[in-house]
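These notes concern the structure reproduced below.
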Amino acid sequence: MKDVPLHLDEPPGSGLVLSEDGRLGTSMDSGINGSSSGSASPTGSHISQAETLVQAFNSQLCVMTPRMSPVGCSSDSSLEHGRESDNLVEEVYIAKHSITKGVTYAVPKEKVSYHSKSFNYLTYEGSCHNEDAFEDIDLTNKVVKSEEKVTIDVENQQGNLLSQKTPTTYDVVVSIDFGTTYSGYAFAYTRNQSDKQIHMMRQSEGGDRGLNNQKVPTVLLLTPEEKFHSFGFAARDFYHDLDPQEAKSWLYFDKFKMNLHNNVEVNRNSQIMAANGRAVSALVVFGQALGYMKNHVLLELANQGVRPAVRWVITVPAVWTQQAKQFVREAAYMAEIGSPDTPESLLIALEPEAASICCRHLHFDQIINIENGPTQPGSYMVVDCGGGTVDITVHSVSSTTGTLRELHKATGGPCGSIGVDDEFIRLMNAVFGANFMKRFKIERPAAYNELLLAFESRKRCTTSYRTTPVNIFPPFAFIDFYRQVSGSEVERAVAQYSSPELTWSNEGILKIHPTLMNKLFRPSLDKIVEHIETVLSSRRLDNKVSYLFLVGGFSESQILQEAIKDHFSKRVHIIIPQAVSLSVLKGGVLYGLNPSIVTSRRVTHTYGLGVVKPFLNGIHPIEKLVIRGGQKWCVDVLERLIESGQPVSVGQVVSKKYAPASSSQTEIVLQVYATVSKSAQFITDPNVFKCGKLRLKLPTISSCGSREITVSLVFGGTEVTASATDSATGQAVETTLDFNS
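Its first residue numbered 621, the sequence shown is counted upward by one per residue in the numbering used here.
In structure tokens, the structure reads:
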């Protein structure tokens, strides 16, 4: 096969060539033509109509005006080959006003005829072949944007598909706080008017001295065959009692929640390492853990003679990726908490938002009265300091309705209490050697966890004003194993460390001086203070925040409380509620009872479509240049529908209207992209990923009028959904955007 250049102006190395049989040597995955301020080449081309069609089809380039966006092609044959094309059209549309201005991107030899008020279309017939992926493709699944709707509309959700569902009545709302270090649940009845109390988890196991015993450790134990054995205290105690050699075959998971933090790669095939180094499906691990919580609460309700219809609420960190949040939902479905058929029975709530609802519920009068007057909304910040992450959110509360509006996009990072544990391990590495600590963790995993627990129980007693040492009681297995490995005593290793801030007593106690203990806290404290400062200094807030609520298990630490007060007490009123570690649990229940309490949120991702635009020299990268019919195009452009951080009201959608490219079209497919990057310009950039697909059947209709498809992205909830509606039939489909495909 002989290849000839497509165009003399084509840049070297682009690899875009047209063979004698009409096939292009490369293809593109863009295919949507978005808006542009740049001018296009004037009418005039020596390429024939058939050649133009072949170029457009084989390159998967939809030749459109800047104001007309074709979206969502697929074909049966493409499905057979395991992939879909969203870039194939049977008819190419040209906007009327662009023709009038002499601006065109397809250059027909025939005179363009006007078939409707909104469109001018140039009909091409025939099919194409792309030898890379397709055979005998049926070019029917395409839509283009109606010129009558050229802007993004924000519409009330009352007319949206989501609001047309019949509400389900629930007897009880159950909130599960699946924490990094400790987990628990709370529930409230919805029908018993005499019982308005939020009931906390009934503790059926032993607890730990000095620790929170209204929850259980987030510890899962599976048998060597990957079957569920136990969770919480029972799992930890059983694993501790196993013979060290036998323990190596058991699957012990501790603090595994952090595997989901900031993980854009998490998906249904992700795995988590057990303490023995064996990898297990992450869905299995999270599903088994959530299943334990579900069975525990249902047993408690059954013991009270209740078999209720349950609305479930699972709280997750706000700073988690959408992939991680969706992963939790799928793990919950595996545990039979809700189901894909009844997604409304499971709400994924944000931890700082749940805590904020709890704070608003308990301190409503204070929040309002601190402002300029009783009719002014009160604004406050919630800093949720947990075991793994610290989440920060800012809300304003309406003095008339009591509803919440998010003022600042939730932020934070992995600077929870386990960061202090990490510093303690670094200290142990420095004293006893990193190789020894590594061997100790692998060969004596139960004793290793006992050492961390001994530190955990004492670190909450630390204050910046303490003058006496903090006593840590290492397990005997630690002392004995060090003697076996090194041939020396622990006491000698501590002495050789030569620090007056760390000593060893004859009673087998590791004594940490308050100065050294404060140093272990310092990295986490500095990061938390930095996050809070960044939010408080935001222009968007403009000194509107009057209160700072400190919640979460880590907030029980007095040294953390003192650090926050030292830095911010002159700028905001700092409130530390009672039972701070239970704020998220209680708020999750309140959210489940009234999900509409939060009326506005900030969008967590930038969402958009992949488009092609006229190429702008000096602005667009040369590797994105494609020349078609004398026109220079930039491919793979990310056309943003909504930006990360923008406010959206609950009950609003971002929508656009489209028209099918052909009356014979039988279905459309819409592809949606998302990113957390503020600088992303192309769908091929890092951290840009395809997250949604909507497939809508288009049955034949008798009317010859124009047909519109309304495609909507529904924002404002903690998850994002998309819908498409056929105006001719009223048929609608919807989906939750899939971040784990």
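Just so you know, even glycine gets a beta-carbon here, dropped at the ideal spot from N, CA and C.
### Query
Helix, strand or coil: which one does DSSP assign to V886?
Along the sequence shown, one-based indexing puts residue 886 at 266. In the structure shown, V886 sits in coil (DSSP, three-state: anything other than H, G, I, E or B).
### Message
Quick test of your reading: V926 and E846, contact by CB under 8 Å. State the CB separation rounded to the nearest angstrom.
### Response
In the sequence shown, residue 926 corresponds to position 306, counting from 1. In the sequence shown, residue 846 corresponds to position 226, counting from 1. V926 to E846, Cβ: 33 Å. No contact.
### Message
DSSP three-state label for L1210, please.
### Response
Here the question's residue 1210 lines up with position 590 in the sequence shown. Here L1210 sits in helix by DSSP.
### Query
Can you list the beta strand (DSSP E) stretches of 3 or more residues lying completely in the segment 936-1020, in chain order?
Here the runs fully enclosed are 966-970, 998-1005, 1010-1017.
### Query
Looking at H1151 and G1033, is the spacing between their C-beta atoms short of 8 Å?
As a working mapping, residue 1033 is identified with position 413 in the sequence shown. As a working mapping, residue 1151 is identified with position 531 in the sequence shown. Yes, the pair counts as a contact, with Cβ atoms nearer than the cut-off.
### Message
Taking the beta carbon of D1041 as the centre, do at least 16 other beta carbons fall within 10 Å, making it buried, or is it exposed?
### Response
Counting from 1 along the sequence shown, the entry for residue 1041 is found at position 421. D1041 comes out buried.
### Query
Are there three or more Cβ pairs, one per stretch, closer than 8 Å when the segment 869-889 is compared with the segment 942-957?
yes
### Query
According to the neighbour-count rule (16 or more other Cβ atoms, all chains shown, within 10 Å of its Cβ), is E1243 buried or exposed?
Along the sequence shown, one-based indexing puts residue 1243 at 623. The residue in question, E1243, is exposed, as its Cβ has fewer than 16 Cβ neighbours within 10 Å.
### Task
Determine whether the Cβ of Y1227 lies closer than 8 Å to any Cβ atom of chain C.
Reference to chain C is not applicable here, since this structure consists of a single protein chain.
### Message
In whole angstroms, give me the CA-to-CA distance for L681 and L1229.
### Response
One-based indexing of the sequence shown puts residue 681 at position 61. One-based indexing of the sequence shown puts residue 1229 at position 609. Low confidence applies here, because L681 scores a pLDDT of 36, under 50, leaving its location unreliable; read the following figure in that light. Going by the C-alpha atoms only, they are around 14 Å apart.
### Message
Pull the bridge partners of M1294 from the DSSP assignment, please.
### Response
Mapped onto the sequence shown, residue 1294 falls at position 674. Residue 1294 is actually Ala in this sequence, not Met. Per DSSP, Y1227, F1309.
### Query
Are there three or more Cβ pairs, one per stretch, closer than 8 Å when the segment 1078-1088 is compared with the segment 1129-1138?
yes
### Query
Which residue comes first and which comes last in the alpha helix (DSSP H) that contains T1154?
One-based indexing of the sequence shown puts residue 1154 at position 534. Start and end: 1134-1156.
### Query
Do you know offhand how far V905's Cα is from A808's?
The count along the sequence shown starts at 1 and reaches residue 905 at position 285. The count along the sequence shown starts at 1 and reaches residue 808 at position 188. Taking the straight line joining both Cα atoms gives about 28 Å.
### Task
Just confirm the distance between the C-beta atoms of D1004 and P960, as a whole number of angstroms; I'd bet it's less than 8 Å.
For the purposes of this step, residue 1004 is taken as residue 384 along the sequence shown, with counting starting at 1. For the purposes of this step, residue 960 is taken as residue 340 along the sequence shown, with counting starting at 1. Incorrect: roughly 29 Å between the Cβ atoms, too far for contact.
### Query
Mind checking E568: buried by the 16 CB within 10 Å criterion, or exposed?
Residue 568 is absent from the structure shown; the chain starts at 621 and stops at 1361.
### Task
Please state whether DSSP places D1162 in a helix, a strand or coil.
Within the sequence shown, the letter at position 542 stands for residue 1162. Coil at D1162, not helix or strand.
### Task
Answer yes if the segment 856-873 comes into contact with the segment 1059-1069, meaning at least three C-beta pairs across the two stretches below 8 Å, and no otherwise.
Result yes; three or more Cβ-Cβ pairs closer than 8 Å.
### Query
Going by alpha carbons, who is nearest to T1031 out of L1261, V1155, A1113?
In the sequence shown, residue 1031 corresponds to position 411, counting from 1. The option with the nearest alpha carbon to T1031 is V1155.
### Query
Below 8 Å, can you find three or more Cβ-Cβ pairs linking the segment 1188-1197 to the segment 1164-1178?
yes
### Message
Quick check on this structure: which residue in V1296, Q1251, G1107, K868 has the alpha carbon closest to the alpha carbon of F1235?
### Response
For this step, residue 1235 is matched to residue 615 along the sequence shown. Closest option to F1235, Cα to Cα, is Q1251.
### Message
Taking the beta carbon of T935 as the centre, do at least 16 other beta carbons fall within 10 Å, making it buried, or is it exposed?
### Response
By 1-based counting over the sequence shown, the position of residue 935 is 315. Buried, by the Cβ-count rule.
### Query
alpha helix (DSSP H) containing A867: first to last residue?
Locating residue 867 in the sequence shown gives position 247, counting from the first residue. From DSSP, the alpha helix (DSSP H) with A867 extends over 864-867.
### Backbone secondary structure at D791 - three-state DSSP
Along the sequence shown, read from residue 1 onward, the residue named residue 791 stands at position 171. Coil, per DSSP.
### Query
Whose C-beta lies closer than 7 Å to the C-beta of S736 among residues of the same chain, with five residues either side of it excluded?
Residue 736 sits at position 116 when you count from the first residue of the sequence shown. Unreliable placement is indicated for S736, whose pLDDT of 29 sits below 50; the coordinate value is still reported in the next sentence. The residues are S1326.
### Query
How close, in whole Å, do the beta carbons of C1102 and V1114 come, if the pair is a contact with beta carbons under 8 Å?
Along the sequence shown, one-based indexing puts residue 1102 at 482. Along the sequence shown, one-based indexing puts residue 1114 at 494. As written in the sequence, residue 1102 is Tyr, which differs from the Cys given in the question. About 11 Å separates the two Cβ atoms, so there is no contact after all.
### Query
Between which two residues does the beta strand (DSSP E) containing I1217 stretch?
Working through the sequence shown from its first residue, we reach residue 1217 at position 597. Taken as a continuous stretch (DSSP letters only), I1217 belongs to no beta strand (DSSP E), as it is neither H nor E.
### Query
With 16 other CB atoms within 10 Å as the buried threshold, where does E1076 fall?
The sequence position of residue 1076 within the sequence shown is 456, counting from 1. With 16 or more Cβ atoms within 10 Å of its Cβ, E1076 is classed as buried.
### Message
Can you check which of these residues, L871, L919, Q891, A902, is closest to V794 by C-alpha distance?
### Response
Position 174 of the sequence shown holds residue 794. Of L871, L919, Q891, A902, the residue nearest in Cα terms is L919.
### Task
With N923 as the anchor, note down where its beta strand (DSSP E) starts and where it stops.
Along the sequence shown, read from residue 1 onward, the residue named residue 923 stands at position 303. Looking at the DSSP string, N923 is not in any beta strand (DSSP E); the run it does join, the alpha helix (DSSP H), is 902-923.
### Query
How about L1145 and A1183: do their beta carbons lie closer than 8 Å?
Residue mapping note: residue 1145 aligns to position 525 of the sequence shown, counting from 1. Residue mapping note: residue 1183 aligns to position 563 of the sequence shown, counting from 1. Yes, Cβ-Cβ distance for L1145 and A1183 is below 8 Å.
### Task
Give the straight-line distance between the Cα atoms of V1232 and F1309, rounded to the nearest whole angstrom.
As a working note, residue 1232 is residue 612 in the sequence shown. As a working note, residue 1309 is residue 689 in the sequence shown. Cα to Cα, the separation comes out at about 17 Å.
### Task
Using DSSP bridges, identify the partner residues of Q1251.
The residue you call residue 1251 lines up with position 631 of the sequence shown. Partner(s): R1248.
### Query
What is the residue span of the alpha helix (DSSP H) that H849 lies within?
Here residue 849 corresponds to residue number 229 of the sequence shown, with the count starting at 1. No alpha helix (DSSP H) holds H849; the beta strand (DSSP E) holding it covers 848-851.
### Message
Rounding to the nearest angstrom, what Cα-Cα distance links R1112 and W1124 in this structure?
### Response
Residue 1112 sits at position 492 when you count from the first residue of the sequence shown. Residue 1124 sits at position 504 when you count from the first residue of the sequence shown. Approximately 9 Å between the Cα atoms of the pair.
### Task
Count the C-beta pairs between the segment 1257-1268 and the segment 1287-1299 that are closer than 8 Å, then say yes if the count reaches three, no if not.
yes
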